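K.L.:
Take a look at the following structure, please.
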Amino acid sequence: MVDGEKPAAASKEVRPGSVKPELDGQRVAIRGWVHEVRDLGSLVFVVLRDRSGLCQAVFSRKGADANLQAALDGLTRESAVRVWGVVKVAPQSRMGVEVRGDGLEVLARAVERLPYEVTGKVPASMTTRLDHRILDLRKPANTAIFLIADTLFDAIREYLRGEGFVEVRTPKIIATATEGGAALFKVDYFGREAYLAQSPQLYKEELVTVFDRVFEIGPFFRAEASHTRRHVSEFTSVDIEAAFMNYEDVMRVLEGMVVHVFKRVLDERRRELELLGVSLRPPRTPFKRITYDEALRELEELGYEKSWGGDLETPDLRYLAKRHTGFYFITHFPTAIKPFYIQPDPSNPSVSESFDLMYQWLELASGGTRISDPSLLRQRLTEQGLNPESFKHHVAVYDYGMPVHAGWGLGFERLLMVITRITNIREVILFPRDRFRLTP
RNA sequence: GCCUGGGUAGUAUAGCCAGGUCUAGUAUCGGCGGCUGUCGCCCGCCGGACCCGGGUUCAAAUCCCGGCCCAGGCGCCA
9 MVDGEKPAAA
19 SKEVRPGSVK
29 PELDGQRVAI
39 RGWVHEVRDL
49 GSLVFVVLRD
59 RSGLCQAVFS
69 RKGADANLQA
79 ALDGLTRESA
89 VRVWGVVKVA
99 PQSRMGVEVR
109 GDGLEVLARA
119 VERLPYEVTG
129 KVPASMTTRL
139 DHRILDLRKP
149 ANTAIFLIAD
159 TLFDAIREYL
169 RGEGFVEVRT
179 PKIIATATEG
189 GAALFKVDYF
199 GREAYLAQSP
209 QLYKEELVTV
219 FDRVFEIGPF
229 FRAEASHTRR
239 HVSEFTSVDI
249 EAAFMNYEDV
259 MRVLEGMVVH
269 VFKRVLDERR
279 RELELLGVSL
289 RPPRTPFKRI
299 TYDEALRELE
309 ELGYEKSWGG
319 DLETPDLRYL
329 AKRHTGFYFI
339 THFPTAIKPF
349 YIQPDPSNPS
359 VSESFDLMYQ
369 WLELASGGTR
379 ISDPSLLRQR
389 LTEQGLNPES
399 FKHHVAVYDY
409 GMPVHAGWGL
419 GFERLLMVIT
429 RITNIREVIL
439 FPRDRFRLTP
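Heads up, the first sequence is in the working numbering, so the first residue is 9 and it goes up one at a time.
Pasting the structure below:
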């Protein structure tokens with residue numbers, strides 16, 4: 009930086025993404041990261057980037073003072089810099105506008121040789137991308153995913169609060185397996201055995217007797233050795249639970265929330281959707297609903313016979329997706345394949361008041377009416393081979409006025425996959441944890 | 001856990017099936033030089049790699065065995 013060349017006090021601090029033709033003639037200062045440098049000799053183009061977007065600054069070496077010369081000569085990609093100059097409409101530039109640079113200060117220099125091409129000139133494998141995740145996230149299309157995620161969080165909270173839900177946090181370190189089923193991570197809790205929570209299920213049910221409607225957005229853990237594009241060890245769940253509601257009521261909350269989220273993303277994240285090449289349309293409610301029995305019948309029509317009582321497996325769901333594009337619910341699963349807390353249908357106890365929200369063949373959420381009768385709950389615990397003694401704190405709550413209630417859990421990242429059209433869940437998690445990856 | 005496929009410069013790949021012509025090609029990258037309108041800038045020169053161990057063979061990036069690491073599918077689930 010040079011005497012007399014410091015940005016004038018009058019220059020306006022702007023982000024790269026807000027350098028628009030409307031600012032023509034304005035003195036600006038911009039902080040960001042060097043996305044690209046194209047050095048033509050006496051003319052140097054520097055593309056600046058931050059989360060708002062890109063802009064081009066152009067510097068002339070002719071007449072540049074020694075400090076600017078030195079800064080341009082030693083400029084490396086991904087360095088954090090401050091650039092100042094005058095905005096000019098520039099038809100000869102593809103962006104249509106650029107900053108005629110007067111000065112450039114390197115705020116934090118990046119090393120010459122990066123392990124990863126942020127500009128995307130060379131493709132990178134998933135492993136390489138995740139090993140250098142911070143550089144990978146700087147790629148505008150990847151940044152876009154998480155700006156959309158930010159809107160998702162906000163839209164979900166906005167919608168659920170609007171429906172009278174109170175945001176809560178339940179423990180992630182627990183003493184016993186909550187539901188059986190999924191494998192849990194064991195942790196050493198001051199010498200005692202403890203586990204990482206796989207869901208807030210029991211806590212959120214208990215909490216409806218206090219707040220009547222609760223929701224939680226939080227991390228949960230599964231120690232399954234799964235190795236697919238839609239499973240990770242640590243994921244984010246959006247959970248709700250509501251007193252005085254049944255499965256049909258919470259299905260309406262769920263589809264309403266999905267539509268609301270789509271609308272907010274469409275309103276606020278046009279640029280990001282464009283970066284991802286996604287054209288979104290909000291789904292229409294009500295979503296299609298088919299029962300488990302109907303699903304079996306459809307499978308049969310498609311030529312895949314399946315005996316009643318088993319869970320719908322991945323291949324089954326893929327077949328069903330041929331008929332059901334977009335969002336749809338599958339309801340009334342056999343009681344036997346559902347967790348102990350699910351309410352059997354009073355008119356036919358072999359099926360339950362349960363549902364899964366599907367997007368094509370991807371399971372996004374599952375939920376249902378919960379058992380509210382204490383003796384039925386104890387009976388179901390025993391039937392599922394669980395020890396009622398380990399659930400005594402939970403079951404006790406049912407003796408203190410537990411009304412009919414219902415809820416669901418939604419995989420946040422899976423919804424994000426649907427919206428961004430990303431097919432590997434690792435890409436929609438900042439720092440994913442899977443069977444093989446614990447760092448960075 | 002089971003099944004399939006794969007590991008070549010910092011990154012992404014060609015070569016492998018049909019061993020020798022590979023002192024391993026290309027792109028990107030980094031260094032140096034040139035270039036006043038680039039926008040995947042361009043041009044020239046330079047730099048950098050066969051996952052590890054063993055075996056077969058006159059000869060191994062290439063074939064065989066073992067190991068390590070990874071990707072995907074399934075099961076299970078969100």
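For every residue, glycine included, the Cβ atom is placed at its ideal position computed from N, Cα and C. A quick note: this is a predicted structure, and the numbers were derived from the prediction, not measured.
(1) Hey, V205 and H413: beta-carbon distance below 8 Å or not?
(2) Count Cβ pairs between the segment 344-355 and the segment 215-229 that sit closer than 8 Å; are there 3 or more?
(3) Please determine, among R277, P99 and D257, the residue with the shortest C-alpha to C-alpha distance to G171.
(4) By a C-beta neighbour count over all protein chains shown, 10 Å radius and 16 as the cutoff for buried, is A404 buried or exposed?
(5) At 4 residues or longer, what runs of the alpha helix (DSSP H) sit wholly inside the segment 71-128?
(6) Quickly, what does DSSP pair W416 with across the bridge? List them, please.
(7) So for M134, helix, strand or coil by DSSP?
(8) Would you kindly check if the distance between the Cβ of K28 and the Cβ of V126 is under 8 Å?
(9) Assign E21 to one of two classes, buried (16 or more other C-beta atoms within 10 Å of its C-beta) or exposed (fewer than that).
(10) For a test of the three-state rule: what should DSSP assign to M9, helix, strand or coil?
(11) Is Y300 closer than 8 Å to H8 when the C-beta atoms are compared?
(12) Alpha carbon to alpha carbon, what distance is there between I142 and S133?
(13) Using beta-carbon positions only, say whether D407 and P382 come within less than 8 Å of one another.
(14) Are R422 and R279 touching if we call contact CB-CB under 8 Å?
(15) If you run the structure through DSSP and keep just helix, strand and coil, what is Y408?
(16) Quick check: the segment 113-123 against the segment 231-246, are at least 3 beta-carbon pairs closer than 8 Å?
(17) For K147, which three-state DSSP category applies?
(18) Decide if the segment 81-92 is in contact with the segment 35-47; the criterion is three or more beta carbon pairs, one per stretch, under 8 Å apart.
(19) I'd like the ranges of any beta strand (DSSP E) spanning at least 3 consecutive residues and lying wholly in the segment 230-286.
(20) Which residue wins for smallest C-alpha separation from Y203, given the options A191, K212, L210 and Y211?
(21) Under the three-state reduction of DSSP, which class applies to A303: helix, strand or coil?
(22) How would you write the range of the beta strand (DSSP E) that F67 sits in, first residue to last?
(23) Consult DSSP for G317 and reduce its assignment to one of helix, strand or coil.
P.N.:
In short:
(1) Sequence inspection shows Ala at residue 205; the Val mentioned does not correspond to that position. No.
(2) Contact between the segment 344-355 and the segment 215-229 is absent, because fewer than three Cβ pairs lie under 8 Å.
(3) Strictly speaking, residue 171 in this sequence is Glu, with Gly absent from that position. If we check each option's Cα against that of E171, D257 comes out closest.
(4) Exposed: under 16 other Cβ atoms inside 10 Å.
(5) 74-81
(6) DSSP lists I248 and G375 as partners of W416.
(7) Residue state, collapsed to three classes: helix.
(8) Contact annotation: V126 and K28 have beta-carbon atoms that are not nearer than 8 Å.
(9) exposed
(10) Any reading at M9 must be qualified, since the residue scores a pLDDT of 42, below 50, and its modelled position is unreliable; no value is offered.
(11) Here the chain comprises residues numbered 9 to 448, so residue 8 is not present and cannot be evaluated.
(12) 15 Å
(13) Annotated as proximal: D407 and P382, with beta-carbon spacing under 8 Å.
(14) R422 is not a Cβ neighbour of R279, given a cutoff of 8 Å.
(15) For Y408, the three-state secondary structure derived from DSSP is coil.
(16) Touching, no.
(17) coil
(18) Between the segment 81-92 and the segment 35-47 there are three or more C-beta pairs closer than 8 Å, enough to call the two in contact.
(19) 242-251
(20) Relative to the Cα of Y203, the nearest Cα in the group A191, K212, L210 and Y211 belongs to A191.
(21) helix
(22) Going by DSSP, F67 is part of the beta strand (DSSP E) stretching over G61 to S68.
(23) If DSSP states are grouped into helix, strand and coil, G317 belongs with coil.
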